[in-house]
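Residue numbers (our numbering), protein chains in the order written: chain A, 67 to 563; chain B, 1087 to 1725. Take a look at the structure below.
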């Protein structure tokens, strides 16, 4: 596509420009810093919406990268500064820029080292956007690693509880995955001499020196840690529990999706045959993740930890959708990544609000807040209902599409049984979500929480935006699936079932 | 008729919800009555439109209207459309839902008067009514499921309406989770249907079942899955446990949702898929057996409850069992006509209970008594509804219950005997209620905490509550008469078993010559007499009877210990404190323990290796020498 304006570069780097502006401001007022961050994230969001609107949805666009930008970067190793979006990555870009704006609003009340905080936050946004837009493996890896730096500082400085432990664990765990991923990327490069995702797609690698399976699993491990896949998930509850609210929102909302995105974009696309061969293993892990995650969630007493474990369960559905390897299920998985991003993002935002106002996160000590927080209870309930897969919300649209797809999948024998086991997860989800809502909001109002404020106007703008997005996707999922299927169709074509 | 009319029936309550939530609640909070008016207006118009639709459907060829649909989502082979299915079943259901809902909303203005959650109440009621209408009109499975869960949400919100009471919050959660177990079956059936047929369209699925394309084991599993969903919603054994607890909600809610409409959605669902059920003998037998068993099982618990709403709740479960039995043995029309009749008289019974509660401040029948004089209208309407429920000729309940019993007679003999015993029990428990509440002397109502009611003593409720009750009482008499000529069966497209079309007068009196009808009538009268003997004339002491049948009394009043089994044993002991706790431990110690173990191991290894790096040159030289020798030896040996 020949466009004069480099949309994607602008979307990715606007937050970094904002970061530099904030860094250079002389003696800024806190308000100036917040507004600057808001302005740049809003600009990035507006551009991503523009891209979303301009995106070609016609039949001819199937499998086409759009808004491509390609510049020679390191000619010696054939690396390019190569960006582009297709149906798979575009929803992720929109999700991240949307969350970018909202996390600035979520962070509105941060006072500790404000300038530094927003610098890291904006850098984080850029790095995640870069991952979703890169079409060159080295560029992809660069952005992938860049994300660790702001995450480390955001958790260890602005976190709570065992924040240093959580930050270290996050960093080291993810680095182990990254190391394997790098090994995978290098093996691919040494065999093919190419770093372009588009050239590598479905490239039949004939009798390579390194077995394809090894390369597949090297890449997969990196993504599986990120997603996370059982049993590689234990960094997640610690990171979430101790991270500041905005970081939890981004972590659950967009960071985890890098794992799912990577699996589809690299593992399935480059090694379709290996993916098909090992699909049974991954589908089993997915179902275990769904049920195990939900079961452990039911035992949590800390609100944040509870939501964190629920993510393990919900991301199991993503894995199920991806390795059911048919068009409907992978579309569903992509929609689930988006949907989980806004639902769990909102849940973490709500937990943050409740905690800010009551200074309490333990479910045993909370209760009766419905009277004292009439707006928060409504929005929290909507988020919870979306999470428990209530029709009319994005959670249902996504999970239902995954179920439909995986039930009729022929990639793995006995897929119907696995799907039904996965469906069982929605009862457990209903269990922990309704139990949580009851513990926090129902019962007689407690005296100690008399006079706690409800959401203020900035918080309302933020949480209502989430609700709007959840309802929009829930009531009219085609707004995303019409885009997603353009990206998924050719990938599933490579699997050739 | 314009195609927008059926859509409007569904959309009007949606508008009402939107107006209340976004305009009235934020800006007119001090004028709660507006919410009631908006809801009543919206549902009233929807009701008028429903009658129009019914008339149109009646006149249409094949009793079916074609409404164009809208595309919702398309991915590869998956294509979902939004549309309405307007046939005779839908037309009857929309009329029923809007009419009952309208009556309950009018009544609610009096019942909920002065409640701080007045706006919220009507917003939730609008939401529920919209979802219920969507459910009965949906033309494909995905949308049906959407509204199916939507009515569940409405039920959850309204059971927990007084969420500050822990019992209400618990009941709401229980209702949602128990029905969701049934919904798993429904969802599995949807997945299975799509897998085998590639369509969600209900009419197409009917066609495939009739043509025999959808058949055999698949069809049976699909039907059983659908029935699992129906059993959850309609509180059939073993998923019945949520409905008695659901009485924690405001009484008009119990009336509309947990008696007349939502709980009947399960019956509707089975009726909607009757072409599928009718092609599977196993599924039909399952429906009939579960229904017949639930009918007597729930009635047995209704015999001993002291809370008036709980008696009515068990009665509802039992009657829903009847409807299932009717669907399983007699076909769609038999079940649906009883659904319609039951909706009117059971709705009325609950409104009566609410009226009594308004007057006495309690639901405990041991504190009532003698209300006949103080509340004549409530008494008269309650009596009519009770006669209808007991199946006394010529009240509406007689006709439809009789259809069911006759169908059971033609089919399975065990189920027939069970249903006959249930007839006796039904008459007994409902007249036990009548004699305990309206007969004898007033026993003082609730303790003084509800002081607001006390100074006046028991009194009749306001007009706004009485008028809907009178209307429903009229329906409780006449609504069964529509099928006396067999006209309803014909409209539903089902001839029914053993029912030929005959004239009104012939049917009206002719039914009394049918031996099965006479027998059931006799049993009902005996039940009433026994209740009279025990609770009004006191020829037999109820306490003495209780003592003689103590094991049964305990079994019934403890609800067969099923709540304990589910809540204490399965949920708490086995799952949360058992398996889930073990997994939680496993997660913290084994999975995360391994991660931390690797980290510690690495650190320890680093420490060890650090010790090797002593910085002493002679040690390094020594190591190099040993290495060189080792390589040399290896080269010699292997090379």
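Just so it is clear, CB atoms sit at the ideal spot from N, CA and C, and this is done for glycine as well. Being a predicted model, the structure only gives us computed values, none of them experimental.
Any C-beta of chain A under 8 Å from that of residue i
{"i": "residue 1324 of chain B", "result": "no"}
{"i": "residue 1259 of chain B", "result": "yes"}
{"i": "residue 1336 of chain B", "result": "no"}
{"i": "residue 1598 of chain B", "result": "no"}
{"i": "residue 1654 of chain B", "result": "no"}
{"i": "residue 1536 of chain B", "result": "Because residue 1536 of chain B carries a pLDDT of 46, less than 50, the predicted location of this residue cannot be relied on, and no value is offered for it."}
{"i": "residue 1186 of chain B", "result": "no"}
{"i": "residue 1715 of chain B", "result": "no"}
{"i": "residue 1514 of chain B", "result": "no"}
{"i": "residue 1346 of chain B", "result": "no"}
{"i": "residue 1721 of chain B", "result": "no"}
{"i": "residue 1235 of chain B", "result": "yes"}
{"i": "residue 1252 of chain B", "result": "yes"}
{"i": "residue 1541 of chain B", "result": "In this prediction, residue 1541 of chain B scores a pLDDT of 48, lower than 50, which makes its location untrustworthy; the coordinate-derived value is nonetheless stated afterwards. False, the Cβ-Cβ gap to chain A never drops below 8 Å."}
{"i": "residue 1489 of chain B", "result": "no"}
{"i": "residue 1300 of chain B", "result": "no"}
{"i": "residue 1692 of chain B", "result": "no"}
{"i": "residue 1100 of chain B", "result": "no"}
Distance, residue j Cα to residue i Cα
{"i": "residue 1389 of chain B", "j": "residue 1514 of chain B", "result": "7 Å"}
{"i": "residue 1149 of chain B", "j": "residue 1333 of chain B", "result": "38 Å"}
{"i": "residue 355 of chain A", "j": "residue 384 of chain A", "result": "10 Å"}
{"i": "residue 1720 of chain B", "j": "residue 1706 of chain B", "result": "21 Å"}
{"i": "residue 1501 of chain B", "j": "residue 1412 of chain B", "result": "11 Å"}
{"i": "residue 199 of chain A", "j": "residue 97 of chain A", "result": "31 Å"}
{"i": "residue 1713 of chain B", "j": "residue 1692 of chain B", "result": "22 Å"}
Proximity test, Cβ basis, 8 Å: residue i and chain B
{"i": "residue 508 of chain A", "result": "yes"}
{"i": "residue 358 of chain A", "result": "yes"}
{"i": "residue 427 of chain A", "result": "no"}
{"i": "residue 365 of chain A", "result": "yes"}
{"i": "residue 470 of chain A", "result": "yes"}
{"i": "residue 408 of chain A", "result": "no"}
{"i": "residue 539 of chain A", "result": "no"}
Pick from the options that is closest to residue i, judged by C-alpha positions
{"i": "residue 1335 of chain B", "options": "B:1098, B:1455, B:1241, B:1380", "result": "B:1241"}
{"i": "residue 320 of chain A", "options": "A:443, A:522, A:440, A:412", "result": "A:412"}
{"i": "residue 1665 of chain B", "options": "A:154, A:140, A:362", "result": "A:362"}
{"i": "residue 1421 of chain B", "options": "B:1355, B:1343, B:1616", "result": "B:1355"}
{"i": "residue 334 of chain A", "options": "A:292, A:347, A:558", "result": "A:558"}
{"i": "residue 1466 of chain B", "options": "B:1164, B:1259, B:1552", "result": "B:1552"}
{"i": "residue 1374 of chain B", "options": "B:1348, B:1399, B:1386, B:1408", "result": "B:1408"}
{"i": "residue 1609 of chain B", "options": "B:1487, B:1703, B:1645", "result": "B:1487"}
{"i": "residue 1088 of chain B", "options": "B:1099, B:1120, B:1135", "result": "B:1135"}
{"i": "residue 1352 of chain B", "options": "B:1445, B:1395, B:1179", "result": "B:1179"}
{"i": "residue 71 of chain A", "options": "A:543, A:536, A:114, A:437", "result": "A:114"}
{"i": "residue 548 of chain A", "options": "A:285, A:420, A:400", "result": "A:400"}
{"i": "residue 511 of chain A", "options": "A:433, A:307, A:488", "result": "A:433"}
{"i": "residue 1506 of chain B", "options": "B:1560, B:1601, B:1633", "result": "B:1601"}
{"i": "residue 393 of chain A", "options": "A:560, A:543, A:505, A:252", "result": "A:560"}
DSSP bridge partner residues for residue i (one or two, in chain order)
{"i": "residue 1161 of chain B", "result": "B:1164"}
{"i": "residue 148 of chain A", "result": "A:136"}
{"i": "residue 1172 of chain B", "result": "B:1151"}
{"i": "residue 1224 of chain B", "result": "B:1170"}
{"i": "residue 1682 of chain B", "result": "DSSP lists no partner for residue 1682 of chain B."}
{"i": "residue 82 of chain A", "result": "Answer is none; residue 82 of chain A lacks a bridge partner."}
Whole-Å CB distance - residue i paired with residue j, under 8 Å assumed
{"i": "residue 192 of chain A", "j": "residue 78 of chain A", "result": "6 Å"}
{"i": "residue 1558 of chain B", "j": "residue 1433 of chain B", "result": "6 Å"}
{"i": "residue 87 of chain A", "j": "residue 220 of chain A", "result": "Between residue 220 of chain A and residue 87 of chain A the Cβ distance is about 19 Å, and since that is not below 8 Å, they are no contact."}
{"i": "residue 1385 of chain B", "j": "residue 1578 of chain B", "result": "Actually they do not touch by this definition, with Cβ atoms about 27 Å apart."}
{"i": "residue 1317 of chain B", "j": "residue 1376 of chain B", "result": "6 Å"}
Against chain D: residues of the segment 238-265 of chain A by CB proximity under 8 Å
Absence of chain D from the displayed structure is noted, the protein chains being A and B.
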